[in-house]
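Student:
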Amino acid sequence: MLIPLIHSLGDAQLRWFARRIANERGRRLLRFLQDMALREQIAHAAVHSPFYRQKFAECGVSPRDIRRASDLPALGFFTYPSDLAADPYQFLAVPRQEIVYAMASSGTTGRPKIVFLSKKDWEFAVRMGSIGMAMAGITAADVVQILFCSGNPNWMTGDLIQAELEQIGAFVVPAGNSVPIAQQIEMMQMFGTTVLMGTPSYVYRLTEEGGKLCDLRSLGIRAINLAAEPWSESLRTFLQEAWGARIYDSYGMMELACDGAGECPALCGLHVSPYLLVEVVDPRSGAPLPRGELGELVFTTLYRQASPLLRYRTGDLARLLPDEMCPCGGVTAERISRIVGRADDMLFLGSGENVFPAQIEVALMGVEGLSGFQVIIDKVGYRDRLRIRAETSAPSGHLQQAIERRLSEGLPFLQHEIHRSQLIAPLEIEFVESGTLQRETPVKVRRLVDRRERGNRAEVESP
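Once you know that position 196 of the sequence shown is 191 in the working numbering, the rest is easy, because the numbers rise by one and skip nothing.
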């Protein structure tokens, strides 16, 4: 079987092996092996998971009817985050004594979703993550400073990444995101950090505040890996110029044991882990969408023992890229575009203008003195109201004007909706101390919080 072979290879051998099978014949082999693994996963879930045992009974489909990835829509059902949040034990497909880890989502969009991992699941996740990092160019010579939240019960991103890096042999600096910015810089100087890993919002704050303490380019950071929050190409440009480093995107979630997809040096989309099957569906109808069309990512796990997931709806919006080889020469079952946003983060403002958090990020990128922001949306009578919580160490009228000007330029409809149709109330700016938003939600910052009734926003819900 291919998996024991892959697990036995060193990093240099892995790169050689990937190049050897990076052709159409290798892709057919990979898909054949994925289909075999899918049949095993379906059979395991249908027999051992109470949730899926009931689903199969309700839908009237036999597990034997699902032979390959293209058959997945024939299941006729999805797994929703609300199902997982309601009772994670109904997904459990191994005896409880075989559980070694419980992994939870951040809970920034509601009640945390929990999955369980067996010892084999954990070892598999660590190995697959280390392979992805090695293929992206991280080696034993690197010093990697982890800037993700640590010490948060069950949210094990930092722990998992550390285990993956240790398997590669890299020098790991588990700094977290709660220490002062000056101390982060001191650690980079002391240990000779070459790679940073963190959320876009925290790395942005680190850049804004750290740039006042030293020349960030002098630190020798060669790569920055961002994850856990959608971000814009404007942020990539901003960070590249500030650090002189390559900026990479990666995608994952705790429900998938974190690692799901990542950019390669060619920056031609995100390579999906070959141990996940991905679909893109219409967020409203659930119908499969063709390549190139924006829709919601849906994943099916392979080789998962404790908490298998079949057709899990993520709420994240992206596209399937053309079915062709990536210029990097790496073999993968699929590539997806970068995440555009979340289906439940797309807002309708005023007379119906739709906005994603990334559009606001682009508008406010590089405003001098602004180290972070959050937009709160609520109602004043019939009008929508936008309150910008702006992190800064030096609040001023000049900064307020700069924020208002950038938003008006980046979202041209605002001025019309505020002054002409008057369906949006005048902008409100609230200055808060730098680091406030991170302290409120240590795992990751929610850029946009909608406190209106649900009818004013797009939602993905179970029927």
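Glycine is no exception: its CB is placed at the ideal position from the N, C-alpha and C atoms.
Is the number of C-beta pairs between the stretch 256 to 267 and the stretch 320 to 331 that are closer than 8 Å three or more?
Tutor: yes
Student: Just the Cα atoms here: how many angstroms apart are VAL273 and ALA158?
Tutor: 25 Å
Student: Verify whether the separation of the beta carbon atoms of LEU342 and LEU271 is less than 9 Å.
Tutor: no
Student: So for SER245, helix, strand or coil by DSSP?
Tutor: strand
Student: Please state whether DSSP places PRO285 in a helix, a strand or coil.
Tutor: coil
Student: Report the residue ranges of all alpha helix (DSSP H) runs contained in full by the stretch 19 to 69; include only those spanning at least 4 residues, in chain order.
Tutor: 19 to 43 and 45 to 54
Student: Would you kindly report the start and end of the unbroken alpha helix (DSSP H) that includes GLY153?
Tutor: 152 to 163
Student: PHE111: which of LEU67, TYR75, LEU304 and PHE51 sits nearest, CA to CA?
Tutor: Of the candidates LEU67, TYR75, LEU304 and PHE51, the one whose C-alpha sits nearest the C-alpha of PHE111 is LEU304.
Student: Helix or strand or just coil, what does DSSP make of GLY450?
Tutor: Reliability fails at GLY450, whose pLDDT of 43 lies under 50, so the model's placement of it is uncertain and the value that follows must be treated cautiously. The answer is helix: DSSP assigns GLY450 an H, G or I state.
Student: Identify whether GLU386 lies in helix, strand or coil by the three-state DSSP scheme.
Tutor: Of the three classes helix, strand and coil, the one that applies to GLU386 here is strand, per DSSP.
Student: Does DSSP classify PRO169 as helix, strand or coil?
Tutor: Reduced to three states, the DSSP call for PRO169 is strand.
Student: Could you give the first and the last residue of the continuous alpha helix (DSSP H) run that contains LEU208?
Tutor: Looking at the DSSP string, LEU208 is not in any alpha helix (DSSP H), and its letter there is neither H nor E.
Student: My output table needs one value for THR189: the three-state DSSP class, helix, strand or coil.
Tutor: coil
Student: Just to confirm, are LEU142 and ALA170 a CB contact at a threshold of 9 Å?
Tutor: yes
Student: Given 8 Å as the limit, is there contact between the stretch 237 to 252 and the stretch 206 to 219, that is, 3 or more CB pairs closer than that?
Tutor: yes
Student: Just to confirm, is the Cβ distance from PRO83 to LYS108 under 9 Å?
Tutor: yes
Student: Just curious, the beta strand (DSSP E) that GLN140 is in, first and last residue?
Tutor: 138 to 141
Student: According to DSSP, what are the bridge partners of MET98?
Tutor: VAL110
Student: Tell me which same chain residues have a C-beta within less than 7 Å of the C-beta of GLY361, skipping the five on either side of it?
Tutor: Excluding positions up to five away in sequence, the list reads PHE233.
Student: What does the alpha-carbon distance come out to for the pair GLY164 and LEU289?
Tutor: 38 Å
Student: My understanding is that SER403 touches LEU394, with C-beta atoms under 8 Å, so please give their C-beta distance in whole angstroms.
Tutor: So it is not a contact: roughly 15 Å between Cβ atoms.
Student: Using the Cα positions of LYS207 and MET151, report the straight-line distance between them to the nearest angstrom.
Tutor: 32 Å
Student: What does the alpha-carbon distance come out to for the pair GLN235 and ASP210?
Tutor: 13 Å
Student: Considering Cα atoms alone, identify which of ILE372, GLY364 and SER388 is closest to PRO381.
Tutor: Note that residue 381 is Leu in the sequence shown here, rather than Pro. When each option's Cα is compared against that of LEU381, the closest is ILE372.
Student: Is the stretch 417 to 428 in contact with the stretch 125 to 142, if contact means three or more CB pairs nearer than 8 Å?
Tutor: Taking a contact to require three or more Cβ pairs closer than 8 Å, the stretch 417 to 428 and the stretch 125 to 142 do not qualify as touching.
Student: In the DSSP assignment, find the unbroken beta strand (DSSP E) run with GLY257 in it and report its ends.
Tutor: 256 to 258
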